[in-house]
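Protein chains in written order, with the numbering used here: chain A, 171 to 525; chain B, 72 to 648. Think of the CB as a built atom: it goes at the ideal place given N, C-alpha and C, for glycine as much as any other residue. Since the structure comes first, as structure tokens, the remarks are kept for the end.
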Amino acid sequence: MFTIRRRNFVIGSSAFLALGIGQNGLAQPAPSMTPHEMELYNAAKEEGGELTWYTAHSDDITAQALGRSFESTYPGVKVNVLRTTAQVAYQRVTQEIKASAVQCDVFSSTDIGHSVELKAKGALEKYIPENASKVLDIYKGYDPDGYYFVTSAGLIGIGYNTAKVKAADAPKNWTDLLDPKWNNNIALGHPGFSGYVGTWALTLRNQYGWQFFEKLAKNNPRVGRSINDTVTMLNAGESAIAGCGPVGTLLESVQKGNPLAIVYPTDGSVLILAPSSIMKGSKHPNAARLFMEFLMSKEASQIWVDHFNESIRPEISPPKGARSAKDLKTIRPTVAEITKGIPEVIKQWRETFGV
Amino acid sequence: MTDKSLDDRTLHFSGVASRLRRLDASMLLWLALIALLAFLVLNPILRLIISSLQETDTGRFTFANYRVAYGNVRHLQALTNSLELGIGVALLATCFAVPIAWAISRTDMPGKAFVRLMVFAAFVTPPYLGAIGWILLAGPNSGWLNKVWMALTGAGHGIFNIYSMTGLILVVAVTSFPYTFVFTSSALDLVSSEMEDAANILGARTLRTTLRITLPLVTPAIIGGIIISFLEAIALFGAPALIALPARFNVVSTQLWQFFEYPVRVEEAAAYAMPLLAITVLMFWLQRSLLGRKGYTSVTGKGGERRMIALGRWRWAMLGYALFVCALSVFLPMLVLLQAAFAKAWGRGFSIDNLTFHNFYYLLVEQTQAKQTILNTFVYSAVTAFAAISLSLAIAYVVSRKLVPWSNVLAFLCVAPFVIPGIVLAIGFYAAYAPPPLALYGTATILILGFTTRFLPIAYTSSAAGLRSINPEMEEAVRILGGSRLLAIRKVLIPLLKKSLAGAWILVFIPATRELSSAIFLVGPHTRVISVMLFDLSEEGNFEVLSALGVILLIATVAIAGIGYRVIGRDFMLRRN
């Protein structure tokens, strides 16, 4: 009796599933595809019409918007968008590699060291997108062998809640965060989760030594996980200062009417270059290639700009009210420094902050 | 004459050959069941223990994993933090649960049905959802309680800080006290008033009688509750991840999670998980030796006359206390979760222009994963409940009718997962079944198998209790009239057990829908469940969407439990039949 019931239940629910998936199978593709895209698109539809994208490049809202835009540009190819922090995404991917069951097709971390490690282990698939030559020069050619490409970029500055802090009192540079007046009032992310925070911490370690963080710990900051959590804490009024403020998410929040403002530190905003790559063993190689093309397309850059992030294409101008990386003083570590430095920084962070 | 003795006699007369034949058939059944249990329970745990003693790449024997796992002050600190958390939660949950259980079971406190319902609501609420509610309530600067405090007193900062050990203990205690409540109240329901009467006649007042007679009589139940809430607390992952991290301390479960960061160190994680296993085994041993020596014979199940104690004016004080606990565990967190779920920005408060359905729209329309995730959660939980109950019913039947030799081994294996923390079980499952040859990583199968194992003890306890209540005579009648055992099971046993099986189904289903700690290492991108999605979303602290997803989870769970309640027609969890 129970087996029958269970079987019915499974059949019923799979029918429900199939119906859900079938919804967007009938729409027509956009007419402006290049022959190369068309080829990938047709092959992608044939191999199952879906792909799984692990991304840490943005908040969930922007990531979902990119996924939906891809789906409407290439109807019939579905993207499963999994937004987590970079280290969590990397943890899941390495777990999959260890179990020889790679589920992820396109992997977008914000810690470029991940790409270097995965490439060295032979876990990435080589593919040079046609669009790779069309991005701004600063984002070109980080891996001449063609295993990973910078597909988004972002700035880290200092954010503050204007209801709690006057513009004149706000920190002007990174070392201002050490002022005791910000005791209990700074929000941070965690380098053990967020790739942005890891790169930020490494940049400041290069600049001021680890003592900077030992002093910062005395101000008893509130440590979250994702870098975007600092913006949530500002909006909620839990913290007055976002010690590592993701500029894109901050600007988007300002536009929604939250009382926030941004400081571009005089000693330099931290510039993050975030790479994407195709996993070796991907079961949807053509969909993955098509998605790599999409990530470096004008359309994708337009969505990034709509959500107040950097554009990597010259054709798309920066969002209103935002300053672009090319007009600012920016600082960042080299790829080699990141690969070696972020694991060190995570360790030091755990010793200094206790978590 | 019973079935068994008949069989025995036949055996005596029919010589060695047929005896062997009969043994073979039952042996086969025993082997099949034990193989299944070995697959589900023994192998993952053995793999865990073995890999804790292996070198990562070569698989050679080593103690290095233990050295690495315990060679760090922070790792040891996490261990003592977990103990502090467990003890704190166990004590606080007892303070919450025992007075309410006593008031409901033994006194004339008003509003009993309502309080019971609220305890049930607390049982349905996952701890991580309670934690989100309490972050909104008692965030040091932005929490509602602190804002009210600051508005009332004009103080510059609030008085509650959820990001602390005390805060974590409170959050876990308000969601785990129902366990102690259920244990205590069902034991109290069986204590007759005779001994209390004796104490009263000898001059003791109500309070003294309660403290010296009634409560000591149910000590085993209270200790059982303490142990369960202790174990729940140290094995929990979600609530500590949300609260302990910003509070800047680690507990064992969050530390275990770090071993899964790159490079994945399953072996060190296994070594580090061993104390959790040891503590749980120790707790159960302690319980046995503590209770073994004394007699608690008043709890016979027969029960004499029971009268409710008249509390007079104090009954309102009791109700006040019960409502206070309900406020901490249900009213306050639910209020702020609902507010956040329907808010554009929860910090803007309760106003019309802050009201929106967009969080639900986002989840159900814009998010590419949420629909699939919600569906997964309920399908997996339902399948898990069926699987766990089918298996445990088969084993309970074999054990209670003594169809095979050494049936107690089967019973023991069924309840053994009870002492394995979910996160440890998941690591064992990952080590045993994620890689080839089975290569179950990312499949629904590994999640359902993991959940089935995790909740097998609940299913087994319920099925065994149900079977005990049925006299074998009725099956024997079928067999005497020529029917097979299967016919007897199908036509007699299952119909008779229908209600208690439905109850057991719900008891497995509800915790399965909210299970996080064993899911976190077993999910793949296509097999995500709500608890894991909540955990991922919580990284960004997007509380509005989180709350909306939590509300969806709660409504669906309560609806299914409600249907179950209608089917079985009684309060399946909180009352003995």
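Please return the same chain residues whose Cβ sits closer than 6 Å to the Cβ of residue 133 (chain B), not counting the five positions on each side in sequence.
126
Using a Cβ-Cβ cut-off of 7 Å (strictly less than) and excluding sequence neighbours within five positions of residue 382 (chain B), which residues of its own chain qualify?
178, 179, 180 and 389
Please list the terminal residues of the continuous alpha helix (DSSP H) segment that includes residue 324 (chain B).
323-330
From residue 295 (chain B) to residue 599 (chain B), what does the alpha carbon distance come to, in whole angstroms?
33 Å
Residue closest to residue 356 (chain A), alpha-carbon to alpha-carbon, out of A:407, A:308, A:321 and A:276
A:407
Taking just the CA atoms, how far does residue 476 (chain A) sit from residue 510 (chain A)?
34 Å
So which residues of chain A does residue 440 (chain B) contact, with C-beta pairs closer than 8 Å?
250, 251 and 252
Return no unless some Cβ of chain B is closer than 9 Å to the Cβ of residue 415 (chain A).
no
In whole angstroms, what is the alpha-carbon distance linking residue 426 (chain A) and residue 247 (chain A)?
32 Å
Which parts of the stretch 443-469 of chain B are runs of the beta strand (DSSP E), unbroken and 3 residues or longer, counting only runs that do not cross its ends?
none
Cα-Cα separation between residue 338 (chain A) and residue 614 (chain B), rounded to whole angstroms
31 Å
Indicate whether at least one CB of chain A lies closer than 9 Å to the CB of residue 476 (chain B).
no
Where residue 309 (chain A) falls, given that 16 or more other Cβ within 10 Å makes a residue buried:
buried
Can you give me the C-alpha to C-alpha distance between residue 478 (chain A) and residue 395 (chain B), rounded to a whole angstrom?
46 Å
Would you call residue 360 (chain B) buried or exposed, if buried means 16 or more other Cβ atoms sit within 10 Å of its Cβ?
exposed
Does residue 436 (chain A) come out as helix, strand or coil in the three-state DSSP assignment?
coil
One question on the structure: do residue 448 (chain B) and residue 577 (chain B) come within less than 9 Å of each other, judged by their Cβ atoms?
no
Cβ closer than 9 Å: which chain B residues qualify as neighbours of residue 523 (chain A)?
319
Give me the DSSP bridge partner(s) of residue 431 (chain A).
A:330
So residue 401 (chain A) and residue 386 (chain A) are in contact, right, with Cβ under 8 Å, and what is the actual spacing, rounded?
No, residue 401 (chain A) and residue 386 (chain A) are not in contact; Cβ-Cβ is about 19 Å, not under 8 Å.
Got a sec: is the Cβ-Cβ distance from residue 286 (chain A) to anything in chain B below 9 Å?
no
Reference residue 355 (chain B); option with closest CA among B:491, B:255 and B:420
B:491
I'd like the span of the beta strand (DSSP E) that includes residue 414 (chain A), first residue to last.
411-416
Can you pull the chain A residues whose beta carbon is under 8 Å from the beta carbon of residue 331 (chain B), in chain order?
261 and 265
Residue span of the beta strand (DSSP E) that contains residue 356 (chain A), given as start and end:
356-358
Meets three-Cβ-pair contact criterion under 8 Å: the stretch 236-245 of chain B and the stretch 309-329 of chain B
yes
Quick check on residue 295 (chain A) - is its C-beta less than 9 Å from some C-beta in chain B?
no
Beta-carbon neighbours of residue 232 (chain A), restricted to chain B and to distances below 7 Å
Neighbours of residue 232 (chain A) on chain B: none; closest Cβ ~11 Å, over 7 Å.
Going by CA-CA distance only, name the one from B:582, B:482 and B:506 that's closest to residue 534 (chain B).
B:482
Is residue 523 (chain A) helix, strand or coil by DSSP?
helix
Take residue 284 (chain A) and list the residues in its own chain whose beta-carbon comes closer than 6 Å to its own, dropping the five residues that flank it on each side.
260
Rounded distance between the beta-carbons of residue 209 (chain B) and residue 200 (chain B), thought under 8 Å
So it is not a contact: roughly 15 Å between Cβ atoms.
Which residues of chain B have a Cβ atom closer than 8 Å to the Cβ of residue 402 (chain A), listed in chain order?
611, 612, 613 and 614
Residue 247 (chain B) and residue 164 (chain B): beta carbons closer than 9 Å?
yes
Look at residue 581 (chain A) and residue 226 (chain A) and say whether their C-beta atoms are less than 9 Å apart.
This structure leaves residue 581 (chain A) out entirely; chain A is present only between 171 and 525.
Quick one: Cα of residue 371 (chain B) to Cα of residue 263 (chain B), how far?
Unreliable placement is indicated for residue 371 (chain B), whose pLDDT of 47 sits below 50; no coordinate value is reported for it.
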